[in-house]
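Enquirer:
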Amino acid sequence: MAKKEFKAESKRLLEMMINSIYTQREIFLRELISNASDAIDKIYYRALADEGLVFNKEDYYIKVSADKANRTLTISDTGIGMTQEELENNLGTIAKSGSLAFKKENEAKDGHNIIGQFGVGFYAAFMVADDVTVISKALGSDEAFKWESKGADGYTLESVEKDSVGTDVILKIKENTEEDQYDEYLEEYRLKSIIKKYSDFIRFPIKMDVKEQKPKVGTENEFEEVVQEQTVNSMVPIWRKNKSELTTEDYDNFYAEKRYGFDKPLKHIHISADGAVVYNAILFIPENTPFDYYTKEYEKGLELYSNGVLIMNKCADLLPDYFSFVKGMVDSEDLSLNISREMLQHDRQLTLIAKNIKNKVKSQLQSLLKDEREKYEQFYNAFGRQLKFGVYNDYGMHKDTLQDLLMFYSSKEKKLVTLDEYVSRMPEDQKYIYYASGESIDRIEKLPQTELVSDKGYEILYFTDDIDEFAIKMIQSYKEKEFKSVSSGDLGIEADEADKPTEAEENENKELFEAMKDILSGKVKNVKASKRLKTHPVCLSAEGELTIEMEKILKSMPNGQEVQADKVLEINIHHEVFQSLKAAAENDKEKLGLYTNLLYNQALLIEGLQVSDPVQFTNDICKIMK
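For what it's worth, our numbering labels the leading residue of the sequence shown as 913, then goes sequentially.
Quick look at the structure:
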């Protein structure tokens, strides 16, 4: 029996596949089970074309058997088997795929289900085995053959006896090393867990001899170990059942079984798509934020199945970043697999599925917002920040997709409102959508800059998330209404005549404000009489796109940017403090400097900004108190 050489590149190619393509050794079992399932599928489709061949599903199964004493693991199937020529072609040539050829031959026929690539995935067996033996008897043949290989050096092929049609793949499991424990692939619990993880929804039974403790016949308290053959896979996945057959409890149980989260899902989305691309999906919107959601450790993605076989634990390409909170799975027959099932080609099918999922999730969120407001607000409190990041990222590319899902606290409604709700009740004379930024609702309500807008009866949106103002800058306007910070230099509002500085007052105080500007040189761009203040003596406003709150956030970041908003110190000339300021300007220049710095630092503290010299600030207060 002469040893034959592989027809493809030998040792280097095989070693590359074993060591590089597959990132987890355990998937060898997934590959061999998938090939076994393909072999049974081939009989099924042969029976469709051949009236003389009867396919009784109960006769077809896959068996996984471990023999610890001999260190062998056997995967047997009752499928179509292989002839000598097929063994030579499919196993003798690395990357030669019998299933792929079968699929191409039958691609015009509807419903074919062959995704395995025997000849690629098969070689994953060498990750855990020193010696691989395949004994196969083809349907309609009286002969059986044994193919055996110890790796890239070559293989042998000989005639043997085999009673039934089908294939046995026998792996001689490697000995343990310091780095790797190969014994685990002979343990019943480990094999069952791998099958459950990757091959639970293979549509044929996967059987194992399972040990159990049962009461000993004729005794009361004695037990004995018995071995029983059991089917260890579920076979029928929930996503292939009709939605009408399933209850909310069924979806909740699936969510728990798959360990998508420790909570219950807030909402599920069951998709059965049959169009440009055919796929099934069950998606979940979680109830709560995962503990690691806003960390670098969090991984987005959906489980990806190809015809019931798990090929990727987290396929990130199926979800946009702004919907990264979605959990669940996708199963499709239309995916193009490359040399490893673990690595999916970025192809048209995947892109279409991802686009469809994005639209389905958005539609579900819109329905929640419209019909189940309380649930939507619960979702928004958990994941609203991610939607706002989605608006901000990629230079606002996704703002049109997300802006109608955003909510902010309203000064009038005292609850979360949408942009559409805000705009729908704007008075005719209101030019802008007004907002105020701060660390909390309580602090924002105390901001002096809100006085004029509130007195006009205009609603103010409160921005309490760091990302809020940055996201709104990307949106720029909503339904032709621009956004305007209450701290902006020009609010587009005319103050009441009694509160507005007259031209004479502005001219009268021009020299004072110039002197104050000189005192605060480098700290403010300008000092002027305020048109917005009513009860407060002083506030800061900003000119340009960068607001004071944005400056504060940017500076607080790690390696914070040295940015500075163009600040304007606004003085309420109708406040009693201003009279002291005027008196100091006329009689005591040193006191003017003291008052100016105190007012500036007061305005900083109102904004939640740091005073540059706290010691000097406290000394200034002490001077006034003397």
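The C-beta atom is built at its ideal place from N, Cα and C for all residues, glycine as well. All values reported here derive from a predicted model rather than from experimental measurement.
Pairing CB atoms from the region 1418-1429 with CB atoms from the region 1363-1374, are three or more of them under 8 Å?
Expert: Three or more beta-carbon pairs separated by less than 8 Å are not found between the region 1418-1429 and the region 1363-1374, which leaves the two stretches without contact.
Enquirer: Could I get the ranges of all uninterrupted beta strand (DSSP E) runs contained in the region 1461-1517, with 3 residues as the minimum, in chain order?
Expert: 1478-1483
Enquirer: Identify whether ASN1438 lies in helix, strand or coil by the three-state DSSP scheme.
Expert: Of the three classes helix, strand and coil, the one that applies to ASN1438 here is strand, per DSSP.
Enquirer: If I'm right that THR1330 touches LEU1318 with Cβ under 8 Å, what's the distance once you round it to whole angstroms?
Expert: 7 Å
Enquirer: Could you check how far apart the C-beta atoms of LEU1264 and TYR1097 are, in whole angstroms? I think they sit under 8 Å.
Expert: The Cβ separation is near 38 Å, so there is no contact.
Enquirer: How long is the line joining the alpha carbons of VAL1273 and SER1053, rounded to whole angstroms?
Expert: 52 Å
Enquirer: At 4 residues or longer, what runs of the alpha helix (DSSP H) sit wholly inside the region 1070-1128?
Expert: 1100-1110
Enquirer: Using 10 angstroms around the beta-carbon of LEU1517, count the other beta-carbons present and answer buried if the total reaches 16, otherwise exposed.
Expert: Label assigned to LEU1517: exposed.
Enquirer: In three-state terms, what does DSSP make of THR1313?
Expert: helix
Enquirer: Would you mind stating whether ASP1243 and GLY1213 have Cβ atoms separated by less than 8 Å?
Expert: no
Enquirer: Considering only their Cβ atoms, is the gap separating TYR1344 from LEU1373 smaller than 8 Å?
Expert: no
Enquirer: Return the chain-ordered list of same chain residues with a C-beta closer than 7 Å to the C-beta of GLN1125, the five sequence neighbours on each side being excluded.
Expert: Closer than 7 Å at Cβ, skipping near neighbours: PHE1135 and GLU1137.
Enquirer: Looking only at its own chain, which residues have a Cβ that is under 6 Å from the Cβ of ALA1037, when we skip the five neighbours before and after it?
Expert: PHE940, VAL1044 and LEU1083
Enquirer: Looking only at DSSP bridge pairs, what is MET1338 linked to?
Expert: None; MET1338 has no bridge partner.
Enquirer: Please classify ILE1353: is it buried, with 16 or more other beta-carbons within 10 angstroms of its beta-carbon, or exposed?
Expert: exposed
Enquirer: State the start and end residues of the unbroken alpha helix (DSSP H) segment that holds SER946.
Expert: It spans 939-961 - the alpha helix (DSSP H) in which SER946 sits, taken as one unbroken run.
Enquirer: Can you list, in chain order, the stretches of the beta strand (DSSP E) that have 3 or more residues and sit fully within the region 1350-1423?
Expert: Those beta strand (DSSP E) runs which fall completely within the region 1350-1423 and span 3+ residues are 1372-1375 and 1393-1397.
Enquirer: So which of SER1399, LYS1422 and LEU1511 has the shortest CA-CA distance to TRP1458?
Expert: The question names Trp, but residue 1458 in the sequence shown is Leu. Looking at the Cα atoms, SER1399 is the closest of the given residues.
Enquirer: If we count the other Cβ atoms within 10 Å of its Cβ and call it buried at 16 or more, is GLU1498 buried or exposed?
Expert: exposed
Enquirer: Using alpha carbons as the reference points, say which of ARG1152, TYR1512, LEU1521 and TYR1334 lies closest to ILE1533.
Expert: TYR1512
Enquirer: Identify the continuous alpha helix (DSSP H) that holds ASN1531 and give its terminal residues.
Expert: 1526-1537
Enquirer: Considering only their Cβ atoms, is the gap separating GLU1455 from GLY1404 smaller than 8 Å?
Expert: no
Enquirer: On the three-state DSSP scale, how would you describe GLN1140?
Expert: strand
Enquirer: Is the separation between the beta-carbon of GLY1520 and that of GLU1351 shorter than 8 Å?
Expert: yes
Enquirer: Does DSSP classify GLY1540 as helix, strand or coil?
Expert: This structure leaves residue 1540 out entirely; the chain is present only between 913 and 1538.
Enquirer: How many Å lie between THR1160 and PHE1196 at the Cα?
Expert: 12 Å
Enquirer: Tell me whether LYS1176 sits in a helix, a strand or coil according to DSSP, three-state version.
Expert: coil
Enquirer: As a quick exercise: from ASP1121, PHE1235, GLN1142 and LYS1108, pick the residue whose alpha carbon is nearest that of LYS1267.
Expert: Out of ASP1121, PHE1235, GLN1142 and LYS1108, PHE1235 has the C-alpha closest to the C-alpha of LYS1267.
Enquirer: Let's test the definition: count the other Cβ atoms within 10 Å of the Cβ of LYS1123 and tell me whether it reaches 16, buried, or not, exposed.
Expert: exposed
Enquirer: To the nearest angstrom, how far is it from the Cα of LEU1328 to the Cα of GLU1289?
Expert: Their Cα atoms are separated by approximately 8 Å.
Enquirer: So the candidates are THR1201, TYR1307, LEU1231 and LEU1262; which of them puts its Cα closest to the Cα of ARG1297?
Expert: THR1201
Enquirer: Alpha carbon to alpha carbon, what distance is there between GLU1055 and TYR1110?
Expert: 33 Å
Enquirer: Could you tell me which of MET1386, ASN1484, LYS1108 and LYS915 sits nearest to LYS1062, measuring between CA atoms?
Expert: LYS915
Enquirer: In angstroms with no decimal places, state the Cα-to-Cα distance between ILE1536 and TYR1507.
Expert: A straight-line Cα-Cα distance of about 9 Å links ILE1536 and TYR1507.
Enquirer: Hey, would you say SER949 sits closer than 8 Å to PHE1116, going by beta carbons?
Expert: Yes; because the gap between Cβ atoms is below 8 Å, this pair is in contact.
Enquirer: Between the C-alpha atoms of SER1184 and TYR1191, what's the straight-line distance to the nearest angstrom?
Expert: 6 Å
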